[in-house]
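Below: one structure, written as structure tokens.
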Amino acid sequence: IQSGKRGEARAPLMTIIDDYNDDKITANDAEGLSLVGRAAHLLRSARDANDAFNAAEKVGGKQRVETLLWRAELFLDKYDPGHAGQVVKEALKLAPKDPMVHVAMARVKLDSALDFGGADSEIAQALSVNPNLAEAYFVRAGLALRDMDIDAADAAAGRGLQVNPGDLELLSIKAAGRFLADDAAGFEALKAKVLGLNPEFSRFFQIVGEFAEWEHRYDDIVKMMGEATQVDPSDAKAHATLGLNLIRAGDEKSGLQALQKAWDKDRFNVRVFNTLNLYEKDIATQYVTVEGQTFRVRYHKEERAILERYVPRMLEEAWGSMVKRYGFMPKVPVSIELYASTENFSVRTSGLPNVGIQGVCFGQTLAALSPAAAEFNWGNVLWHELGHVFAIQLSKNHVPRWFTEGLSEYETIVRRPEWHREEDPALFAALKGGRIPAVAGFNRAFTHVDDISDVTMAYFAASQIVVFMVEEFGFSKVVSMLPRWAAGKRTPEVVKESLGVGTEELDRRFRAWLKPRLERYEKQYVPDLQAPPLDDARKAAARAPKDARRLVELALALDKDGQHQESEAVLAEALRVDPKQPDANYLKVRAAFGEKKLDEAARLLGKMVADGHDGYVVRMKLADLAELKKDAARMKANLEAASRLDPTQAEPLQGLYDLARRQKDVAGELAALRRLSLLDQHDRRVWRRLLRLLVERGAWEEARKVGESAIYVDVANPEIHRLYARALARTGRHVSAIYELNSALIAGARPGDAAEIYGELTKAYAKMKQDDYAKQALEYQKAMRGASPPAPRAMPD
């Protein structure tokens, strides 16, 4: 197989299968059954392989490290990192120092959670045992490529190739580096070398394609996967990858044909199964695509009527603004796909049912959740994703991830004040902890993360770099970076030519710009509960056993690994070393709350304040404590203190609003909601209640502005449209008021509400001297008040 003679490998592999069928390998032979499973996998028969491994495990296969690693490879091959992780953990118990087990765990951590730090730690452990392990260098090279550290990737691949100059995977990942470096000659030479060693090694294109996808090279992936299917026509995964990327490029017909070929060859590719199901069962029956000159928009049929009134209008506004500011016209039409369920969206974008994001751009096509799928600001998401179209196409798919994410975040920041992330505390902690990378390697902020909060912080940090660059150098110079990346220039060269400074100077000036913006945190306690990889944390604590912060990090790492008892012991040691260590005390506070030990929590919080570690999070915990003790006055005082300490956070304002509502303090409600709407842009309840209160109080101009914002959050709510219409009418915007009243009807106003809406339409048409429409609206109102009211219908806008 490794030499490109898969057909010749079939005969010897089938002898193992035949021995099983002839009962030469019995039901009690764990080793034999394991070999059957491995042979079946190499023969590309996943079902038989899984059945054989199951049988082997029942009779002792779980005690064989090799069996467990083979099984993990099968699971990873079929996009099941969860089960792969389970069997690798079992292998780790049997052989905690086996380097191949650590390599397998690194692959699991990458596939299941993109845990780059954890994977790097596993590879370090593997190489500490066997410094000549080629498989470990393959993973290490991949980690470097995801950070676009091509030199480090080349070095890792080169070190592995010293051990085995003919290693196909290492040669392939070296070729991936040449591809990302735009070294066409180097790439072609390595491709020729790999295919010379193994003319059937279609995995070459899979390896390069994985890193091409990370850097937005979608069109190149389609070309590569087409070549892969020629190299090995029986490679189902190549056909699958080709199909998924053709669909991403907007060629759904060809993409589905490729996926069907993949399915015919492999019935165990869950991504193929899910995607074919999506198109055959859901998209074909529940969605409709509307063609336009600039945009091709896919809606769920039940949402089309209301979304069609707002989505194209907003997209055209964004398009016009960006074309003017970027001086660039992307290829049209751009496909916009809006999915009414999180599962539909996830499968469309990844083939898997839950990717946990709201939108994604593939350069010419973007997909997003629709308002029916979740509670979020759809306007923000679509504007952000459309920004990627400009960055990706203007850079010819060469823009670094950090820059395109930062630029799209900047786009939303300048469009509307509430379209802004509030991640200042996380940014401060990352800055203080040295976790904000230099600009030349800023992609690391997106790869070296522990959880979703780190990803959110990375987006925010990238946005702040772009905000800084625009303020310091001007938007046109920032945009001028994109065509320089398109020309194949590396980031240091791009920065120097566009901005006139080096990356080190840019870093220095950015941090100097950032410092006063985060100054309020210097005088308060800000938690930094980042858990490093467990092995790294153990080593760091061993080197500095009297460093309380290192002990806290070890406690966090142990807790994350599920070793809670040892974590508590290490945390106790941290407090013995330094009784005032703030993170250790804060962790004890959280534990006390979890165990409902309120007096202990109060004591610890008082101690933190006395120790000089007061801050936003401390005041929020004190507010929680007051609420549990039903002390409204103290709760309010601490919420107000928390909000003063950090005005960017929504949680204390939510608490103040709830408190004001319980106390029937309308002025307090309104004050909290006004501030909250600028911080919690995705909460429909906030916008709805704020708009109601403003309309009730006759604050018409403010209500008009709030109504405009609320549409981007709660477009399918008839009440929002109706309240917004009242504000528009009272500020003399009768045409727009009529439009919103009709939207309220289209959004599904109830018969009683519809009758009132027709009454408002009657007045609005009369104001516009459209007497025929006013008369018609009045007739509709009477019909809606009848015994059997008809379904509401919209009138002319």
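Just remember that the numbering used here sits 328 ahead of the position in the sequence shown, which is counted from 1. Think of the CB as a built atom: it goes at the ideal place given N, C-alpha and C, for glycine as much as any other residue. Quantities reported herein were computed from a predicted structural model and do not represent experimental measurements.
1) Taking buried to mean at least 16 other C-beta atoms within 10 Å of its own C-beta, is residue 430 buried or exposed?
2) Using only alpha-carbon positions, find the residue among 798, 773, 797, 795 that is nearest to residue 786.
3) Terminal residues of the continuous alpha helix (DSSP H) containing residue 1066?
4) Taking C-alpha atoms, which residue in 628, 630, 636, 610 lies nearest to residue 620?
5) With hydrogens ignored, establish whether the beta-carbon of residue 569 is closer than 6 Å to any heavy atom of the ligand MN.
6) What are the start and end residues of each continuous alpha helix (DSSP H) run of 4 or more residues lying completely inside the stretch 712–772, in chain order?
7) Who are the Cβ neighbours of residue 798 in its own chain at under 6 Å, not counting the five residues just before and after it?
8) Taking the alpha helix (DSSP H) that residue 345 falls in, what are its first and last residues?
9) Can you have a look at residue 972 and say buried or exposed, based on whether 16 or more other CB atoms are within 10 angstroms of its CB?
10) Could you say if the stretch 333–348 and the stretch 531–539 meet the contact criterion of at least three C-beta pairs nearer than 8 Å?
11) Considering only C-alpha positions, which residue in the set 1092, 407, 332, 970 is nearest to residue 1057?
12) Just to confirm, are residue 424 and residue 458 a CB contact at a threshold of 7 Å?
13) What runs of the alpha helix (DSSP H), each 4 residues or longer, lie entirely inside the stretch 417–443?
14) Select from 653, 698, 1125 the residue whose C-alpha is nearest the C-alpha of residue 627.
15) Counting only the same chain and skipping the five closest in sequence on each side, list residues whose C-beta sits under 7 Å from that of residue 681.
16) Residue 1069 and residue 1085 - do their beta-carbons sit closer together than 7 Å?
17) Using the rule of at least 16 other Cβ atoms within 10 Å of the residue's Cβ for burial, across every protein chain shown, is residue 333 buried or exposed?
18) With a 10 Å radius around its C-beta and 16 neighbouring C-beta atoms as the bar for buried, classify residue 502 as buried or exposed.
19) Rounded to the nearest angstrom, what separates residue 1125 and residue 472 at their Cα positions?
20) Please name the residue, chosen from 344, 489, 704, that lies closest to residue 1010 on a Cα-to-Cα basis.
21) How about the stretch 748–762 and the stretch 842–855: do they share at least three Cβ pairs that are nearer than 8 Å?
22) So, is residue 1063 buried or exposed, given that buried needs 16 or more other C-beta atoms within 10 angstroms?
23) Measure the C-alpha to C-alpha separation of residue 1087 and residue 1066 and round it to an integer number of angstroms.
24) Secondary structure at residue 774, three-state DSSP: helix, strand or coil?
25) If distances are taken between C-alpha atoms only, which option among 494, 519, 496 comes closest to residue 506?
26) Quick check: the stretch 573–590 against the stretch 641–658, are there 3 or more CB pairs under 8 Å?
27) Mind pulling the beta strand (DSSP E) runs of 3 or more residues that sit fully within the stretch 576–663?
28) Excluding five sequence neighbours on each side, which residues of the same chain lie with their C-beta closer than 7 Å to the C-beta of residue 1029?
29) Please work out which residues of its chain come closer than 7 Å, Cβ to Cβ, to residue 810, disregarding the five sequence neighbours upstream and downstream, and give them in chain order.
30) Does residue 820 have its Cβ less than 7 Å from a Cβ in chain B?
31) Could you tell me the alpha carbon to alpha carbon distance between residue 883 and residue 991, rounded to whole angstroms?
32) Cβ atoms of residue 556 and residue 549: under 7 Å apart, would you say?
33) Would residue 1120 and residue 1082 be called neighbours here (beta carbons separated by less than 7 Å)?
34) As a quick exercise: from 1027, 803, 1013, 526, pick the residue whose alpha carbon is nearest that of residue 1047.
35) Taking the alpha-carbon of residue 1077 as reference, which of 1049, 347, 817 has the nearest alpha-carbon?
36) I'd like to know if the stretch 401–413 and the stretch 437–456 are in contact, where contact means that at least 3 CB-CB pairs between them fall below 8 Å.
Reading off the structure:
1) Within the sequence shown, numbered from 1, the residue matching residue 430 stands at position 102. Buried: at least 16 other Cβ atoms inside 10 Å.
2) One-based indexing of the sequence shown puts residue 786 at position 458. With distances taken between Cα atoms, residue 786 lies closest to 773.
3) Here residue 1066 corresponds to residue number 738 of the sequence shown, with the count starting at 1. Unbroken alpha helix (DSSP H) run through residue 1066: 1062–1074.
4) Taking the sequence shown and counting its residues from 1, one reaches residue 620 at position 292. Here the closest residue by C-alpha is 636.
5) This structure does not include the ligand MN; it has no bound ligands of any sort.
6) 729–743, 752–760
7) By 1-based counting over the sequence shown, the position of residue 798 is 470. Once the five neighbours on either side are set aside, the close Cβ partners of residue 798 are 806.
8) Position 17 of the sequence shown, counted from the start, is the residue given in the question as residue 345. Residues 334–349.
9) Looking up residue 972 in the sequence shown gives position 644. Residue 972 should be labelled exposed.
10) no
11) By 1-based counting over the sequence shown, the position of residue 1057 is 729. If we check each option's Cα against that of residue 1057, 1092 comes out closest.
12) To locate residue 424, count along the sequence shown from 1; it is residue 96. To locate residue 458, count along the sequence shown from 1; it is residue 130. The answer is no: Cβ separation not under 7 Å.
13) 427–441
14) Position 299 of the sequence shown, counted from the start, is the residue given in the question as residue 627. Residue 627 has its Cα closest to that of 698, out of 653, 698, 1125.
15) Here the question's residue 681 lines up with position 353 in the sequence shown. Around residue 681: 602, 671, 674, 675.
16) In the sequence shown, the residue the question calls residue 1085 occupies position 757. In the sequence shown, the residue the question calls residue 1069 occupies position 741. Contact flag set, yes.
17) Here residue 333 refers to the residue found at position 5 of the sequence shown. Classification for residue 333: exposed.
18) By 1-based counting over the sequence shown, the position of residue 502 is 174. By the 10 Å Cβ count, residue 502 comes out buried.
19) Against the sequence shown, residue 1125 aligns to sequence position 797. Against the sequence shown, residue 472 aligns to sequence position 144. Going from the Cα of residue 1125 to the Cα of residue 472 covers about 56 Å.
20) Within the sequence shown, numbered from 1, the residue matching residue 1010 stands at position 682. For residue 1010, the nearest C-alpha among the options comes from 704.
21) yes
22) Stepping through the sequence shown from its first residue, residue 1063 is reached at position 735. Residue 1063 is exposed by the Cβ-count criterion.
23) For the purposes of this step, residue 1087 is taken as residue 759 along the sequence shown, with counting starting at 1. For the purposes of this step, residue 1066 is taken as residue 738 along the sequence shown, with counting starting at 1. Roughly 11 Å between the two C-alpha positions.
24) Taking the first residue of the sequence shown as position 1, residue 774 is located at position 446. Helix, per DSSP.
25) Start at 1 with the first residue of the sequence shown, and residue 506 comes out as number 178. The residue with the shortest Cα to Cα distance from residue 506 is 519.
26) no
27) 615–619, 623–628
28) Counting from one through the sequence shown, the residue named residue 1029 turns up at place 701. The residues are 1059.
29) Residue mapping note: residue 810 aligns to position 482 of the sequence shown, counting from 1. Taken in chain order, the residues that qualify are 719, 722, 723, 727.
30) Note that chain B does not occur in the displayed structure, where there is just one protein chain.
31) Stepping through the sequence shown from its first residue, residue 883 is reached at position 555. Stepping through the sequence shown from its first residue, residue 991 is reached at position 663. Rounded to the nearest angstrom, the two C-alpha atoms are 42 Å apart.
32) Looking up residue 549 in the sequence shown gives position 221. Looking up residue 556 in the sequence shown gives position 228. Result no, Cβ atoms of residue 549 and residue 556 do not sit closer than 7 Å.
33) Within the sequence shown, numbered from 1, the residue matching residue 1120 stands at position 792. Within the sequence shown, numbered from 1, the residue matching residue 1082 stands at position 754. Yes. Within cutoff.
34) One-based indexing of the sequence shown puts residue 1047 at position 719. It is 1013 whose Cα lies nearest to the Cα of residue 1047.
35) Taking the first residue of the sequence shown as position 1, residue 1077 is located at position 749. For residue 1077, the nearest C-alpha among the options comes from 1049.
36) yes
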